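Novice:
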Amino acid sequence: NIWRQTWAQGQPLPYVTALGFFTSFVNVGGTGATIGLALVMLNSKEPGYRKISRVSLPTQVFGINEPIFFGFPIVLNPIFMIPYVLNALVLTTGSFLLMSWGIIHKPFVGVPWTTPPIIGHYLVSGGDWKAAVWGAASLLIAMAIYYPFAKAAERQRLRAEEDKAREPEPEKADIC
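Numbering (this note's numbering), first residue to last: 51 to 226.
1. Grab the span of the alpha helix (DSSP H) containing M131 for me, first residue to last.
2. When the Cα of W151 is compared with those of I129, N137, K180 and I124, which residue comes out closest?
3. How big is the Cα-Cα spacing for L136 and V90?
4. Check E204 in the structure and name its three-state DSSP category.
5. So is T143 buried or exposed if we call it buried at 16+ other beta carbons inside 10 Å?
6. According to DSSP, is T165 part of a helix, a strand, or is it coil?
7. So, at 7 Å on beta carbons, what are the nonlocal neighbours of L148 in its own chain, with the 5 sequence-adjacent residues on each side left out?
8. Three or more C-beta pairs under 8 Å: does that hold for the stretch 95-108 against the stretch 207-216?
9. May I ask which residues mark the beginning and end of the alpha helix (DSSP H) holding I118?
10. Determine, using beta carbons only, whether L126 and A192 come nearer to each other than 9 Å.
11. Span of the alpha helix (DSSP H) holding P157?
12. State the Cα-Cα distance for the pair I168 and K201, rounded to the nearest angstrom.
13. Helix, strand or coil, according to DSSP, for S94 in the structure here?
14. Helix or strand or just coil, what does DSSP make of P198?
15. Between Y65, P128, N115 and V105, which lies nearest to N77 when the distance is taken from Cα to Cα?
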């Protein structure tokens, strides 16, 4: 593999986006960094969101985000789709710039896509502790991006539940 040979010779790696770039640096806790959404909604006032977050968090650690992806849902939901796309843009740009500027090592080895965040950052970059710090920062960034949208969705759902509770029950027809 040319990457390992270049690394072993002490030469700078030629490209940033290789091997584990997207699986470790962009898709932190699943595509769209949805682990950030799960962490934000852990203490949601809305019981459904709270349950989905608690159930999905163990799988999110390993990059499996289908429970939250379809449970909230993110699919065809503009409230969650905007931060989903925004996270990918921010984490891709941030990771690319940090690697281009030589602040963190470029990825040179592949790890399974199910490797947890921070650990994956560290391993993919050849043991660069700054990459692990960026991994932790990526989680915080994802949470910050999801937070206002998550709270808006929470308010919207709570308001809908209140409206539903206020509606009078339909009268039952007497059939006799």
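Glycine included, every Cβ here is placed at the ideal spot set by N, Cα and C.
Computed from a prediction, not measured in an experiment: that's the story for all the values here.
Specialist: In short, the structure shows the following:
1. The residue labelled residue 131 in the question sits at position 81 within the sequence shown. Its alpha helix (DSSP H) spans residues P128 to S150.
2. By one-based count along the sequence shown, residue 151 stands at place 101. Nearest option by C-alpha distance: K180.
3. Working through the sequence shown from its first residue, we reach residue 136 at position 86. Working through the sequence shown from its first residue, we reach residue 90 at position 40. Cα to Cα, the separation comes out at about 16 Å.
4. Walking along the sequence shown from the start, residue 204 turns up at place 154. DSSP places E204 in helix when its eight states are reduced to three.
5. As a position in the sequence shown, residue 143 is number 93, starting the count at 1. Classification of T143: exposed, given that the 10 Å Cβ count is below 16.
6. As a first step, residue 165 must be located in the sequence shown, where it is residue number 115. T165: coil per DSSP, three-state reduction.
7. Start at 1 with the first residue of the sequence shown, and residue 148 comes out as number 98. If we look at L148 and ignore the five residues flanking it on each side, its Cβ neighbours are I154 and W184.
8. yes
9. Taking the sequence shown and counting its residues from 1, the one referred to as residue 118 is at position 68. Taken as a continuous stretch (DSSP letters only), the alpha helix (DSSP H) holding I118 covers E116 to G121.
10. Start at 1 with the first residue of the sequence shown, and residue 126 comes out as number 76. Start at 1 with the first residue of the sequence shown, and residue 192 comes out as number 142. It is not a contact, given that the beta carbons lie outside the stated cut-off.
11. Taking the first residue of the sequence shown as position 1, residue 157 is located at position 107. Note, P157: premise wrong, no alpha helix (DSSP H); not H, not E.
12. Counting from 1 along the sequence shown, the entry for residue 168 is found at position 118. Counting from 1 along the sequence shown, the entry for residue 201 is found at position 151. Going by the C-alpha atoms only, they are around 26 Å apart.
13. As a first step, residue 94 is located in the sequence shown; it is residue number 44 there, counting from the start. Note: S94 maps to coil in three-state DSSP.
14. As a position in the sequence shown, residue 198 is number 148, starting the count at 1. The answer is helix: DSSP assigns P198 an H, G or I state.
15. Within the sequence shown, numbered from 1, the residue matching residue 77 stands at position 27. The shortest Cα separation from N77 among Y65, P128, N115 and V105 belongs to N115.
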